[in-house]
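Contents: one structure, followed by commentary.
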Amino acid sequence: MEIINGQVWYTYTSKLFKQFDLTEAAKKLIDSDAFAFASRDNGELYYKSNNRIETRQLSYKLNATGTGMKVSGHSDFVDSKQNNYTLLSFWKDIALKLSRLRLFSDGFGFPEDFIRAFMNPIFIRIGADKEYREFIPYVNLYSSGLIQTTLIPMNESDGESLYPFITDSVNLAMRGITSVLATKAYTKELLRIDYDCSGIFKKLREFKYLMTLDKNLELFRKEHEAGIEKLTVYEHVLGPSILLSDICLGIMDVCGNILSRHRTTTPEYWLQKSIRPVFRNGTWRGKPCVYIKEHTNQKKLSNENIEHNKTLVQSVMTRCFLKDGSDSSTKPLVDLRLLNDYSHFNSFGVSLSIASDSALEALKTLKSFTFDNIIADCQIKNEIAEYINSSYESFIDAIGHCNTNTTLSELSLELILFEERMIRSSSNSGEIAHFIGTLKNEDTIKNNLSILTGKITSTDKLLDLTDRIKKDQLNKTLTILFGVIASATLSPELIQPAVKSLGIESINATDFEMPLKAICTTAALVIVFVIVWCVSKLK
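According to numbering that gives the first Met the number 0, numbering within the sequence shown proceeds without interruption in unit steps and concludes at 538.
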């Protein structure tokens, strides 16, 4: 079995602790120079030209068949002397935008508003390899704080047998990375995270470090002959090897730091208290997204192709080289693609899209639609699958912070609205409706939904029980209070010394009966309320 042409994207998902205004977030990311440009789901484009942040509104118009679209409003960006990698990334962004518009209806808020920010390339060397692998990273930042990092490979897997394809590409996350090269702007942002999170005294002590950072970086400077153009890059790995997850999570941390910190010219930056350099949840998830265009023994229709290439499919989906796919004990795979041109499989640990001969023949007749568009379609679906799963996990975490029935009811309503937006946004396409329905039947999401439902029910019962206990305690307190008030009175004999001190020699009980009762009752009330107030403060 040989992979004639294919590529593997890597997508990692987590959630930032804070939510950010997306317009300000895009401008901050671009202003840092760690990111080349950013596009928003509403068509806004953010980039830097002549050291100024520029904003343009792009217009997208799909053709009748949805296989292409006309884009306008980007001419200033293209003419702004961007490097070749940035222009290539822009066309990748356009392909992803086309798929987003084709697959999901606008106006329903699903997926939620987000920005997609592209970086300049990074270069990775595995183990003792001599050659570097080239990737273009991009980040999806959603309005809820959910964040995704994806690495787009610039090197395709051509003429590679199945075993090294599984070992070196599908399971790249398990390989030790001995060298990472990246641009100066991103390297600086990665190195200054700890400094930005320091308090005023540590900032002052290490101010020299910040001022000499550019000079110190020159020790790790390299000129790298990349596939498109020559770049000046800097080494990141100076000690033991690292993993792919370290790189992708590091990109998320850089985003979190850029968005959270104050400008260095403001007093807030220098006077802040020391904080932990932690910007996202400890829970994260990453997986390879495998796209195979051509392979040996390729069949005309996708169902035939899968049937005759079980070893290939099952090896990728189990991320383990299998001698015979029919001998695997894995559960039956569900094809997320309804048409018989290519297949798309998704699981918790990997995603696979594999074309048949009929798909390749159809692409030859279409000028505006290529296999890159099929990759974009499947990548959008893969990102949405992770978005849905992570959203459910966020709801599960949020339930633990509900202290009242009101907040729990608000969260339950938010969950219902999330489900409604998901259903309505996917209603214009039978394929997407099938995709969403199949996703919700996967074990991971089914388990999350089961946990979510059970946690809502249990939390609701717990809050009801807590409310009843509080009401019982309040009723007992009020009963005691009013009992004391009802029986409260002070004997007139206790008041007589005070009256005599005022010069009154004798007291007629009849004359002073009502005033004395009023005085006694008032005194009793004051004493009771003071006691109740003291008890409440002690609690």
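Glycine included, each C-beta is placed from N, C-alpha and C at the ideal position.
A quick note: this is a predicted structure, and the numbers were derived from the prediction, not measured.
- request: Please report the residue range of the alpha helix (DSSP H) in which I246 lies.
  value: In the sequence shown, residue 246 corresponds to position 247, counting from 1. Its alpha helix (DSSP H) spans residues 243-259.
task: Hey, could you find the ends of the beta strand (DSSP E) G5 is sitting in?
output: Sequence index remark: in the sequence shown, residue 5 carries index 6 (1-based). Segment 1-14, the beta strand (DSSP E) holding G5.
query: From what residue to what residue does the alpha helix (DSSP H) around T231 run?
result: For the purposes of this step, residue 231 is taken as residue 232 along the sequence shown, with counting starting at 1. Not the alpha helix (DSSP H): T231 falls in the beta strand (DSSP E), residues 229-234.
message: If I measure Cβ to Cβ from G42 and keep anything under 7 Å in the same chain, skipping five residues before and after, which residues do I get?
response: Residue 42 sits at position 43 when you count from the first residue of the sequence shown. Excluding residues within five positions, the ones whose Cβ falls inside 7 Å are Q56, L57, S58, Y59.
- prompt: If P136 and L150 are in contact, beta carbons under 8 Å, what's the gap, nearest whole angstrom?
  reply: Numbered from its first residue, the sequence shown carries residue 136 at position 137. Numbered from its first residue, the sequence shown carries residue 150 at position 151. That pair is a contact at about 5 Å.
- prompt: Just the Cα atoms here: how many angstroms apart are F368 and D340?
  reply: Within the sequence shown, residue 368 is the residue found at index 369, counting from 1. Within the sequence shown, residue 340 is the residue found at index 341, counting from 1. If I take the Cα positions, the gap works out to 14 Å.
message: Counting beta carbon pairs with one atom in the region 297-307 and one in the region 254-264, are three or more of them shorter than 8 Å?
response: no
- prompt: Since E267 is in the alpha helix (DSSP H), which residue starts that stretch and which ends it?
  reply: Here residue 267 refers to the residue found at position 268 of the sequence shown. Taken as a continuous stretch (DSSP letters only), the alpha helix (DSSP H) holding E267 covers 266-270.
query: Shortest alpha-carbon distance to T403 belongs to which of Q147, K469, L365, L332?
result: Walking along the sequence shown from the start, residue 403 turns up at place 404. The option with the nearest alpha carbon to T403 is K469.
- request: May I ask you to verify whether the region 375-388 touches the region 428-447, counting CB pairs closer than 8 Å and requiring at least 3?
  value: yes
- prompt: So I176 and I125 are in contact, right, with Cβ under 8 Å, and what is the actual spacing, rounded?
  reply: To locate residue 176, count along the sequence shown from 1; it is residue 177. To locate residue 125, count along the sequence shown from 1; it is residue 126. Contact holds; Cβ gap of about 6 Å.
query: Along the chain, where does the alpha helix (DSSP H) that runs through A358 open and close?
result: If you number the sequence shown from 1, residue 358 lands on position 359. Counting along the chain, the alpha helix (DSSP H) containing A358 begins and ends at 356-364.
query: Leaving out the 5 sequence neighbours to the left and right, which residues in its chain are closer than 6 Å to A35 when beta-carbon positions are compared?
result: Walking along the sequence shown from the start, residue 35 turns up at place 36. Closer than 6 Å at the Cβ level, and outside the excluded window around A35, lie T85, F117, N119.
- request: Give me the Cβ distance between G255 and F219, rounded to the nearest whole Å; I'm assuming they're in contact under 8 Å.
  value: Position 256 of the sequence shown, counted from the first residue, corresponds to residue 255. Position 220 of the sequence shown, counted from the first residue, corresponds to residue 219. No, G255 and F219 are not in contact; Cβ-Cβ is about 24 Å, not under 8 Å.
task: Provide the residue span of the beta strand (DSSP E) that contains S58, from first to last.
output: Here residue 58 refers to the residue found at position 59 when the sequence shown is read from its first residue. First-last of the beta strand (DSSP E) with S58: 58-61.
query: Nearest CA to the CA of L95: which residue from R420, K80, N427, V70?
result: In the sequence shown, the residue the question calls residue 95 occupies position 96. Out of R420, K80, N427, V70, V70 has the C-alpha closest to the C-alpha of L95.
- prompt: What residue from S408, H73, E392 has the CA that sits closest to S13's CA?
  reply: Sequence index remark: in the sequence shown, residue 13 carries index 14 (1-based). For S13, the nearest C-alpha among the options comes from E392.
query: Between the C-alpha atoms of D334 and S352, what's the straight-line distance to the nearest angstrom?
result: The residue you call residue 334 lines up with position 335 of the sequence shown. The residue you call residue 352 lines up with position 353 of the sequence shown. Distance between the alpha carbons of D334 and S352: 10 Å.
field: C-beta atoms of L171 and P287 nearer than 9 Å
entry: Here residue 171 is taken as the residue at index 172 of the sequence shown, counted from 1. Here residue 287 is taken as the residue at index 288 of the sequence shown, counted from 1. Yes. Within cutoff.
field: Neighbourhood of I93 by C-beta, 7 Å cutoff - its chain only, sequence neighbours within 5 removed
entry: Taking the first residue of the sequence shown as position 1, residue 93 is located at position 94. Excluding residues within five positions, the ones whose Cβ falls inside 7 Å are V70.
- prompt: Out of curiosity, what's the CA-to-CA distance linking I601 and I387?
  reply: No answer is possible for residue 601: it lies beyond the span of the chain, which begins at 0 and ends at 538.
Three-state class that DSSP yields for P163 in the structure shown: As a working mapping, residue 163 is identified with position 164 in the sequence shown. If DSSP states are grouped into helix, strand and coil, P163 belongs with the helices.
- request: Return the Cβ separation of N115 and S38 in integer angstroms, given the expectation that the two are a contact with Cβ distance under 8 Å.
  value: As a working note, residue 115 is residue 116 in the sequence shown. As a working note, residue 38 is residue 39 in the sequence shown. What sits at residue 115 in the sequence shown is Arg, not Asn. So it is a contact: roughly 5 Å between Cβ atoms.
Delimiting residues of the beta strand (DSSP E) encompassing S71: Walking along the sequence shown from the start, residue 71 turns up at place 72. Looking at the DSSP string, the run of the beta strand (DSSP E) that includes S71 is 68-71.
- request: Keeping to the same chain, check which residues put their C-beta closer than 7 Å to that of Q297; ignore five residues upstream and five downstream.
  value: Walking along the sequence shown from the start, residue 297 turns up at place 298. So the list reads N304, S355, D356, once near-sequence residues are dropped.
task: Check whether the region 270-285 touches the region 306-325, taking contact to mean three or more Cβ pairs, one atom from each stretch, closer than 8 Å.
output: no
field: Neighbourhood of I199 by C-beta, 7 Å cutoff - its chain only, sequence neighbours within 5 removed
entry: Working through the sequence shown from its first residue, we reach residue 199 at position 200. Closer than 7 Å at Cβ, skipping near neighbours: W269, L270.
- prompt: When the Cα atoms are used, what is the spatial distance from K575 to N50?
  reply: Not covered by the structure: residue 575. The range shown for the chain is 0 to 538.
Contacting residues, own chain, Cβ-Cβ under 7 Å from L15 (five flanking each side not counted): As a position in the sequence shown, residue 15 is number 16, starting the count at 1. Answer for L15: G144, I146, G255, F278, R279, listed in chain order.
task: Please indicate yes or no: does the CB of E159 lie closer than 8 Å to some heavy atom of the ligand FAD?
output: Of the ligands one can find in the structure shown there are none, so the ligand FAD has no counterpart to examine.
field: Delimiting residues of the beta strand (DSSP E) encompassing C288
entry: Position 289 of the sequence shown, counted from the start, is the residue given in the question as residue 288. Its beta strand (DSSP E) spans residues 284-294.
message: In whole angstroms, give me the CA-to-CA distance for T359 and Y290.
response: Indexing the sequence shown from 1 puts residue 359 at position 360. Indexing the sequence shown from 1 puts residue 290 at position 291. Reading off the sequence shown, one finds Leu at residue 359, where the question assumed Thr. Their Cα atoms are separated by approximately 13 Å.
From L140, V253, T310, I192, residue whose alpha carbon lies closest to that of I274: Numbered from its first residue, the sequence shown carries residue 274 at position 275. With distances taken between Cα atoms, I274 lies closest to I192.
message: Quick check on DSSP: helix, strand or coil for H307?
response: Residue numbering aside, residue 307 sits at position 308 when the sequence shown is read from its first letter. Correct three-state label for H307: helix.
message: Using C-beta distances below 7 Å, list every residue in its chain close to F134, excluding the 5 sequence neighbours before and after it, in chain order.
response: Taking the first residue of the sequence shown as 1, we reach residue 134 at position 135. Cβ within range, chain order: P120, I121, I123, L150, I151, P152, M153.
- prompt: Terminal residues of the continuous alpha helix (DSSP H) containing H400?
  reply: Within the sequence shown, residue 400 is the residue found at index 401, counting from 1. From DSSP, H400 is part of no alpha helix (DSSP H); its letter is neither H nor E.
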